[in-house]
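Student: Residue numbers 52 to 927, in our numbering, belong to the letters of the sequence shown in order. Glycine residues also receive a C-beta, built at the ideal position from the N, C-alpha and C atoms. Please read through the structure below; I'll follow up with questions.
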Amino acid sequence: MNRYLYLIFVLWCCCLTTVSATEVYYDRLLDQDHFSHLNRSTVKRMQHNLAAIYQHDRDWARDAALRQHPLTDGTLGPVTLFWLQRFIYDFKIEPVGRRYVDETILRLERIASFAGMFPEELKILISSDFAEWNDDQPEKQRSQYFGVRRTGSDQALLDLVYLYLQLVEPLPDPGKPNKNLLTTYYYQLSAEDFKVLQGKNQIQAQLAKLVNKRFDNIEALKEAVTGVLNDFPELAEKLASVIERYYRYADPVISQSFLEVLMGDTLFATLNGTLVKLLENTLSGIAYPDQQLFAQAVKSRVNAGFGACQNPDQQNEYVSRLKLSDDDFHKLTGDLLTGPYQGIPDFSQQLKQIDLLRMRRKDDCEAADLALINEFVSGVYENVIHPAIQLHYKKKPGYRAATPIQWDGSGCGCVLDDLSGLVYGFYPFWIADGAAHTVNFSVLSRVAYYGLSFDEDGIIKQTNNPHHEVTALSMNDAGQNLQTAFIRTARKHNSKVDWVVHNDKSYWDRWKSLTYAAKVTVFETLSDSIVNLLTGRLTDSASEFAQKVTFGAIKPATRGDGITLYFNDFPDDYESVGLFNRFFSDLQKRLQIEANDYFVNILVSQSRLGTGIYRYSNLLAWIDQTKSATGIAMMPSFPSQETLNTRILVFIEEPTTDSKKNLRLEIENSELHGIERGLLLRNIIPVIEFDGKNWKQLEDDVVYFKDNFGGIGFWPFMTNEAEVTAEMPFRCDEIQSVSGCLTRFFQAATWHGEPESMLEKVVCDNRYLFRIAFGLLVTLCLIYTSLYFYSCRIRSKIRNWYVFYLLLIGVPTLVVALLLLTYDPMLEPVSEGNLPLIMLLFGGVAVSIMVYQRRKKQMRKPTRPRVLAYDSHTEI
């Protein structure tokens, strides 16, 4: 049955292929008559070669076990013809012309030999994942790779396989799932990457020093390569894995021919100097969590560099400076027209049109002009930039327990009371370097640790941790407290701590293939893992001491305040969406039972909004718990924003000046109306990737988000910024600080926000000490009061030292109580709106004491009456 389905699939490919039939023939069906002249021994040899290639395929094993032995009988029957058709399609051989039969037999022999020497690489070449990756390449690369599969040498085939392995993380063997290797990537071009893109000749000259030198083993060769490429450590690390693969079956010596082949590898691709300079000045060192976000960032810089259909007088100075000069643009044009890109359809014509549009204002451009610009920029990225950087920008950081997160608030105070919305900051685990990072928590409502994922069973684990080092998730481990110290630091400043749990397309593809019951089990285990993570107690000495001193009266400190789910490329089918909704609803209910104000947030890329689990009505159902998953209201009232414990965080694509408006417009045009639309907007938190350079754009974004959404998020949040002071300048480009910009423009009911006073910072940062001091003072007051009424002798002494006791105990107690009521976040609900009454009561107590003392002084002391002495001898 599978053979017939495969033939149908081939026919379907014939109908849908984007290349004309006059150019591509590999997807045509074979004509059995063309092979009728082959003798039995030749056919048997072909069957033997097919077996060498497809022996690990389950369908081949099944067909080979048939009673008729159709794959070893020396006859080109339907079964053998099917597998020959499969080989033709896998290796893109075109069944046309007079000699294609002989060419097929020779290629079959060559690939069978390759399979004998490189069995693992052969498995990749015939895998569906490899075929899908090849088909998704731009037209030029796709055709080039097809040619390698059709006629390439063993070395060329190996190059292609290794290129694929470096670009795509291979799926694990379903028979041997490795549940421990959870990986997080980020996308970034470092300073070294830009150096490599322009330093091919220098690298070749360094490697040429090793040509024809013999080494005892591969490790010695890799060490020598690392030595000559000491200026390119990241490149040397990538090259080490390539060398290990190349020399698995060869002597460890670099020949001149190998060096030439190596320098033709994509790893050493070059990029036009003008584009390198543009991207290096604007993107170097900026990490993106998603490949699509990175691609959009590159395109936005290229678009700004081309400068077509722009209004310089309406743009900030930073963006205007990115526009290429006429000389640079023409140099770039000459390189694009004469380099390896001239095969791109209509490329020359588009370049001429872009050159003309560079002189037009946006107001004078039509919709077709803007569409042309977007098409051209996308073409430059896909055909020029991406092929050169594809082996550089995907980074795989390593987790190191020896460099735990260390934060220092440096007296920043607590989170500002008047922030206009929730400020959310992400902290990827690879930023931690063991050094203390200064963080201004006064403008960070919540901080999120990015670096957790879950395995095939749904168990949450730290990613990129192959050696199983101690993590914040480790239980009963002496090093765990050091890994969770950042949680206590954030809470000291009243900033909440969330955990980001993510998984990507490769995981969800495997999950989707599971049975319904298995999918449910994964989500149930994941829910248990999340609850255990958030409710697990901190075991540091300070937390244990607080529990013992208060005899358990206060809630024990836990390992988190919320969870943020980043399920990238989650399936859109009806069953998967239903399962996720059920999981999410159950998780919300379980955390509500804990009664600890836990948050359950969703993180999603802007391009995924509106589909699948991210349909707007579905998002509203998560936010408004009075609604069912279908979006039908169960009761007419809507919860206030303060009672909602779910936020939708959206990665905003660049340029943000357009994306943020598109986000608002998409929600406006969605199926939601009225209060439902307003509720969703006020619970969406746009997340931006600020580059630390375009301060005018940051100010524009902050003001726009304040007016239209429920907050603002930063990937990642900034550290080691200058202290925010009341005397700071007014505009963000003058402040040069994200914290300062938020303080100035993201406080409610003002466009001239200021930081907290020094007194408020001191009290809030040290509120636990003030609480202890207040408890001790109140205890002393109670002790002295009890003694006053218990003993007349003590009462007399207290009266004599009354002012002393009042100044050392009574007044400090009132002052500390007033400070806590005013500046302690826990007591804010009590004091909010009641502060005048509290001040009046305290004032009344103070006045009463003063009046009592004054009246006491004015009271006359009683005197003993005189007793008249009469002489008994006195006569009357």
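Sorted by chain position, which residues of the same chain lie with C-beta nearer than 8 Å to Pro687's C-beta, five sequence neighbours on each side aside?
Tutor: On the sequence shown, position 636 is the one that residue 687 refers to. Low local confidence applies: a pLDDT of 36 at Pro687 is under 50, so the model's placement there is unreliable, with the coordinate-based value given in what follows. Counting only Cβ-Cβ distances below 8 Å, and skipping sequence neighbours, we find nothing.
Student: For Ser788, does the count of other Cβ atoms within 10 angstroms reach 16, so buried, or fall short, so exposed?
Tutor: Reading the sequence shown from its first residue, position 737 is the one you call residue 788. Under this definition Ser788 is a buried residue.
Student: For a test of your reading of the model: does the CB of Thr325 fall under 8 Å from any non-hydrogen atom of the ligand SAH? Yes or no.
Tutor: Ligands in the displayed structure: none, and consequently the ligand SAH is not present.
Student: Please determine, among Val814, Ile834, Asn583, Ser658, the residue with the shortest C-alpha to C-alpha distance to Ala346.
Tutor: Counted from its first residue, the sequence shown places residue 346 at position 295. The residue with the shortest Cα to Cα distance from Ala346 is Ser658.
Student: Could you check whether the segment 808 to 817 touches the segment 868 to 878, counting it as contact only if at least three pairs of C-beta atoms, one from each stretch, sit closer than 8 Å?
Tutor: Segments in contact, yes.
Student: In the DSSP assignment, what residue or residues form a beta bridge with Gly762?
Tutor: In the sequence shown, counting from the first residue as 1, residue 762 sits at position 711. DSSP lists Leu473 as partners of Gly762.
Student: Within 10 angstroms of its Cβ, does Cys792 collect 16 or more other Cβ (buried), or is it exposed?
Tutor: The residue labelled residue 792 in the question sits at position 741 within the sequence shown. Answer is buried; the Cβ neighbour count reaches 16.
Student: Buried or exposed: Ala569, going by 16 or more other Cβ atoms within 10 Å of its Cβ?
Tutor: Taking the first residue of the sequence shown as position 1, residue 569 is located at position 518. So Ala569 ends up on the exposed side.
Student: Let's test the definition: count the other Cβ atoms within 10 Å of the Cβ of Leu730 and tell me whether it reaches 16, buried, or not, exposed.
Tutor: Counting from 1 along the sequence shown, the entry for residue 730 is found at position 679. Label assigned to Leu730: buried.
Student: State the Cα-Cα distance for the pair Leu159 and Lys143, rounded to the nearest angstrom.
Tutor: Looking up residue 159 in the sequence shown gives position 108. Looking up residue 143 in the sequence shown gives position 92. The straight-line gap from Cα to Cα measures roughly 12 Å.
Student: Per DSSP, what kind of secondary structure is Ser178 in: helix, strand or coil?
Tutor: Residue numbering aside, residue 178 sits at position 127 when the sequence shown is read from its first letter. Correct three-state label for Ser178: coil.
Student: Ignoring anything shorter than 3 residues, give me the beta strand (DSSP E) runs that lie fully in the segment 556 to 635, in order along the chain.
Tutor: Those beta strand (DSSP E) runs which fall completely within the segment 556 to 635 and span 3+ residues are 613 to 618.
Student: Using three-state DSSP, classify Tyr450 as helix, strand or coil.
Tutor: As a working note, residue 450 is residue 399 in the sequence shown. Here Tyr450 sits in coil by DSSP.
Student: What do you get for Tyr558, buried or exposed, if any count of 16 or more other CB atoms within 10 angstroms of its CB means buried?
Tutor: As a position in the sequence shown, residue 558 is number 507, starting the count at 1. When all chains shown are included, Tyr558 counts as buried.
Student: Assuming Val582 and Leu642 make a contact with CB atoms under 8 Å, what is their CB distance in whole Å?
Tutor: Taking the first residue of the sequence shown as position 1, residue 582 is located at position 531. Taking the first residue of the sequence shown as position 1, residue 642 is located at position 591. Sure, about 7 Å apart at Cβ, within 8 Å.
Student: Hey, is the segment 358 to 368 in contact with the segment 411 to 422, meaning 3+ C-beta pairs nearer than 8 Å?
Tutor: Result yes; three or more Cβ-Cβ pairs closer than 8 Å.
Student: Rounded to whole angstroms, what's the CA-CA distance from His929 to Phe138? Just pull it up for me.
Tutor: Examination of residue 929 is not possible in this model, given that the chain is present from 52 through 927 alone.
Student: Assess, as a yes-or-no matter, whether the segment 325 to 335 is touched by the segment 241 to 254 under the definition of 3 or more beta carbon pairs within less than 8 Å.
Tutor: Touching, per the Cβ criterion.
Student: Would you report the Cα separation of Ser335 and Asp108, rounded to the nearest angstrom?
Tutor: Within the sequence shown, residue 335 is the residue found at index 284, counting from 1. Within the sequence shown, residue 108 is the residue found at index 57, counting from 1. Answer to the nearest angstrom: the Cα atoms are 45 Å apart.
Student: Determine the direct distance from the alpha carbon of Arg161 to that of Glu190, and round the result to whole angstroms.
Tutor: Reading the sequence shown from its first residue, position 139 is the one you call residue 190. Reading the sequence shown from its first residue, position 110 is the one you call residue 161. Rounded to the nearest angstrom, the two C-alpha atoms are 27 Å apart.
Student: How is the alpha helix (DSSP H) around Pro111 delimited, first residue to last?
Tutor: Mapped onto the sequence shown, residue 111 falls at position 60. Strictly speaking, residue 111 in this sequence is Trp, with Pro absent from that position. Residues 109 to 115.
Student: Shortest alpha-carbon distance to Ile664 belongs to which of Asn647, Asp637, Arg782, Asp624?
Tutor: In the sequence shown, counting from the first residue as 1, residue 664 sits at position 613. For Ile664, the nearest C-alpha among the options comes from Asp624.
Student: Nearest-angstrom Cα distance between Gly804 and Lys747?
Tutor: Counting from 1 along the sequence shown, the entry for residue 804 is found at position 753. Counting from 1 along the sequence shown, the entry for residue 747 is found at position 696. C-alpha separation (whole angstroms): 18 Å.
Student: With C-beta atoms as the reference, is Thr155 less than 9 Å away from His553?
Tutor: As a first step, residue 155 is located in the sequence shown; it is residue number 104 there, counting from the start. As a first step, residue 553 is located in the sequence shown; it is residue number 502 there, counting from the start. Contact flag unset, no.
Student: Cβ of Lys556 within 9 Å of Cβ of Asp506?
Tutor: Here the question's residue 556 lines up with position 505 in the sequence shown. Here the question's residue 506 lines up with position 455 in the sequence shown. It is not a contact, given that the beta carbons lie outside the stated cut-off.
Student: Identify the continuous alpha helix (DSSP H) that holds Gly725 and give its terminal residues.
Tutor: Residue 725 sits at position 674 when you count from the first residue of the sequence shown. Gly725 -> alpha helix (DSSP H) spans 725 to 732.
Student: Thinking Tyr237 and Ala338 are a contact (beta carbons under 8 Å), I'd like their distance in whole angstroms, please.
Tutor: For the purposes of this step, residue 237 is taken as residue 186 along the sequence shown, with counting starting at 1. For the purposes of this step, residue 338 is taken as residue 287 along the sequence shown, with counting starting at 1. Rounded, the Cβ-Cβ distance is 4 Å, consistent with contact.
Student: Whole-angstrom Cβ separation of Leu240 and His443, contact assumed at under 8 Å?
Tutor: Mapped onto the sequence shown, residue 240 falls at position 189. Mapped onto the sequence shown, residue 443 falls at position 392. That belief holds up - the Cβ atoms of Leu240 and His443 are roughly 6 Å apart, short of 8 Å.
Student: Per the DSSP calculation, Ala487 is bridged to which residue(s)?
Tutor: Here residue 487 corresponds to residue number 436 of the sequence shown, with the count starting at 1. In DSSP, Ala487 forms a bridge with Gln457.
Student: Exposed or buried, Glu645, counting other C-beta atoms within 10 Å across all chains shown (16 or more means buried)?
Tutor: The residue you call residue 645 lines up with position 594 of the sequence shown. By the 10 Å Cβ count, Glu645 comes out exposed.
Student: Secondary structure at His99, three-state DSSP: helix, strand or coil?
Tutor: For the purposes of this step, residue 99 is identified with residue 48 of the sequence shown, where counting begins at 1. Helix, per DSSP.
Student: Could you give the C-beta distance for Tyr501 and Phe477, rounded to a whole number, given that I count them as a contact under 8 Å?
Tutor: Mapped onto the sequence shown, residue 501 falls at position 450. Mapped onto the sequence shown, residue 477 falls at position 426. Indeed they touch by this definition, with Cβ atoms about 5 Å apart.
Student: Near Ile436, what residues of its chain come up, given a Cβ to Cβ distance below 7 Å and the 5 sequence neighbours on each side ignored?
Tutor: Position 385 of the sequence shown, counted from the first residue, corresponds to residue 436. Leu322, Leu326, Val349, listed in sequence order.
Student: Among Phe398, Pro448, Cys416, which residue has its Cα nearest to the Cα of Asn434?
Tutor: For the purposes of this step, residue 434 is identified with residue 383 of the sequence shown, where counting begins at 1. Considering only alpha carbons, the answer is Phe398.
Student: Report the residue ranges of all alpha helix (DSSP H) runs contained in full by the segment 297 to 377; include only those spanning at least 4 residues, in chain order.
Tutor: Whole alpha helix (DSSP H) segments, 4+ residues: 307 to 314, 324 to 334, 342 to 357, 368 to 372.
Student: Identify, in the order they occur along the chain, each residue of the same chain with its Cβ nearer than 6 Å to the Cβ of Ile927, setting aside the five sequence neighbours on each side.
Tutor: Counting from one through the sequence shown, the residue named residue 927 turns up at place 876. Only weak support exists for where Ile927 lies, its pLDDT of 40 falling under 50; the value from the coordinates is given anyway. Nothing listed; no residue qualifies.
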